[in-house]
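Visitor: In terms of full-length UniProt numbering, the sequence shown opens at residue 1 and continues consecutively.
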Amino acid sequence: MSARRTMTRSVLVAAAGALLLGVTLTGVRAVAAYEHIVDAGQPGLLTLSVDAATPVWSRLSAGETTHWLVRAELTDATTASFGLELVASGKLVDAAGLTAAVTACSAGFVERAGRPRCSGTSEPVLATTPLRDLAHTHTRYTLADLTADAPREFLVTLRLPDTATRAELTDARARVGLGLFAAGETVDPEPPTPEPPGPEHPTPEPPGPATPGPETPGAKTPPDPTGATPAAGPTAGSQLALTGGDVAALALVATGLLGIGIALATRGTARRGGATHPGGRQ
Numbered sequence: 001m002s003a004r005r006t007m008t009r010s011v012l013v014a015a016a017g018a019l020l021l022g023v024t025l026t027g028v029r030a031v032a033a034y035e036h037i038v039d040a041g042q043p044g045l046l047t048l049s050v051d052a053a054t055p056v057w058s059r060l061s062a063g064e065t066t067h068w069l070v071r072a073e074l075t076d077a078t079t080a081s082f083g084l085e086l087v088a089s090g091k092l093v094d095a096a097g098l099t100a101a102v103t104a105c106s107a108g109f110v111e112r113a114g115r116p117r118c119s120g121t122s123e124p125v126l127a128t129t130p131l132r133d134l135a136h137t138h139t140r141y142t143l144a145d146l147t148a149d150a151p152r153e154f155l156v157t158l159r160l161p162d163t164a165t166r167a168e169l170t171d172a173r174a175r176v177g178l179g180l181f182a183a184g185e186t187v188d189p190e191p192p193t194p195e196p197p198g199p200e201h202p203t204p205e206p207p208g209p210a211t212p213g214p215e216t217p218g219a220k221t222p223p224d225p226t227g228a229t230p231a232a233g234p235t236a237g238s239q240l241a242l243t244g245g246d247v248a249a250l251a252l253v254a255t256g257l258l259g260i261g262i263a264l265a266t267r268g269t270a271r272r273g274g275a276t277h278p279g280g281r282q
């Protein structure tokens, strides 16, 4: 395997433009080394990271596979509902039958026999499925809740079937996106420490006869037989404060569409010359 090579990662985040990262990949990696790519929703709530060895641009022949490793972490919330979605388009999807499979892991993935293996509890999310069956359905797969103390890793396997023909692979490309979605409630901040009570205030004297005021000429306010001072009413411009219940439903949502393995192409495209970049730039 090659010693080192440098690639440019293009990460497409919904409503956030393009994020370009220069990444150095190593040829052999025993444990995934994740790089933070985006805080989804409010900063710090749902954090997504991608393994440094995850390719953005892959060239596949019939029967070959490529893998993505993605990690999701939750902070500032104890738990959140969680879901995943795949979208795809292009000739490799519609004609060549590009497939995808997704597996979640409770611990981490390690490389064994040349491919990532789950070192904890494996959770099948999506069996090997032709992406053309998912391309236009926008099916979201509900996963077990995500918790702050248990980040989750995902292995996405993309494969061109052995049966793909030369005609199906000629000038063929695909664009594949992975979406991760979370929703939950933020953790309430610690309440302030109450101050010790101060000295008791003296009991107010019963009010005397009221003096007529300019707005109520001749009016007199009879004294309260209990001796209590009447409570002040609301003043102009006063507002009710929002309670925690009014704002507790802030969502952690959503990465929208996270395009990590932005594009796939056949080896024949490279041999014809001219570097092609993700997103169609030449």
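For every residue, glycine included, the Cβ atom is placed at its ideal position computed from N, Cα and C.
(1) For A144, collect the residues of the same chain with a Cβ closer than 6 Å to its Cβ; drop the 5 residues on either side in sequence, then sort them by chain order.
(2) Are T103 and C118 closer than 8 Å when you measure CB to CB?
(3) Here's the rule I'm using: 16 or more other beta-carbon atoms within 10 Å means buried, otherwise exposed. How should R115 be labelled?
(4) Looking only at its own chain, which residues have a Cβ that is under 6 Å from the Cβ of V70, when we skip the five neighbours before and after it?
(5) To the nearest angstrom, how far is it from the Cα of L74 to the Cα of T47?
(6) Excluding sequence positions up to five away, which residues of its chain have a Cβ less than 6 Å from the Cβ of L158?
(7) Apply the 10 Å Cβ neighbour rule to P55 and answer buried if 16 or more other Cβ atoms are within range, or exposed otherwise.
(8) Could you check where the beta strand (DSSP E) with A167 kicks off and where it finishes?
(9) Answer with buried or exposed for R112, where buried requires no fewer than 16 other C-beta atoms within 10 angstroms of its C-beta.
(10) State the start and end residues of the unbroken alpha helix (DSSP H) segment that holds V93.
(11) Could you check how far apart the C-beta atoms of A172 and L92 are, in whole angstroms? I think they sit under 8 Å.
(12) Helix, strand or coil: which one does DSSP assign to D133?
(13) Below 8 Å on the Cβ atoms is my contact criterion, and I expect R175 with S58 to pass it. Report the Cβ-Cβ distance as a whole number of Å.
(14) Please return the same chain residues whose Cβ sits closer than 8 Å to the Cβ of T129, not counting the five positions on each side in sequence.
(15) Identify which residue in T165, V87, R152 has its Cα closest to the Cα of E123.
(16) Considering only their Cβ atoms, is the gap separating A62 from P161 smaller than 8 Å?
(17) Can you round the beta-carbon distance between A183 and S81 to whole angstroms, since I take them to be within the 8 Å contact cut?
(18) Spatial neighbours of G120 within its chain, please: C-beta separation below 6 Å, excluding the five flanking residues on both sides.
(19) Determine the DSSP secondary structure at D162, reduced to helix, strand or coil.
(20) So, under 8 Å CB-CB, L131 and L86 are touching, yes? Tell me the CB distance rounded to an integer number of Å.
(21) Apply the 10 Å Cβ neighbour rule to A127 and answer buried if 16 or more other Cβ atoms are within range, or exposed otherwise.
(22) List the DSSP bridge partners of residue 290.
Guide: To lay it out plainly:
(1) none
(2) yes
(3) exposed
(4) V50, F154
(5) 6 Å
(6) T66, A100
(7) buried
(8) Segment 166-169 is the alpha helix (DSSP H) holding A167; no beta strand (DSSP E) there.
(9) exposed
(10) 91-94
(11) 5 Å
(12) helix
(13) 12 Å between Cβ atoms; not a contact.
(14) T99, A100, A101
(15) R152
(16) yes
(17) 5 Å
(18) C105, S106, A107
(19) coil
(20) 7 Å
(21) exposed
(22) Limits of the chain in this structure are 1 at one end and 282 at the other, which puts residue 290 out of reach.
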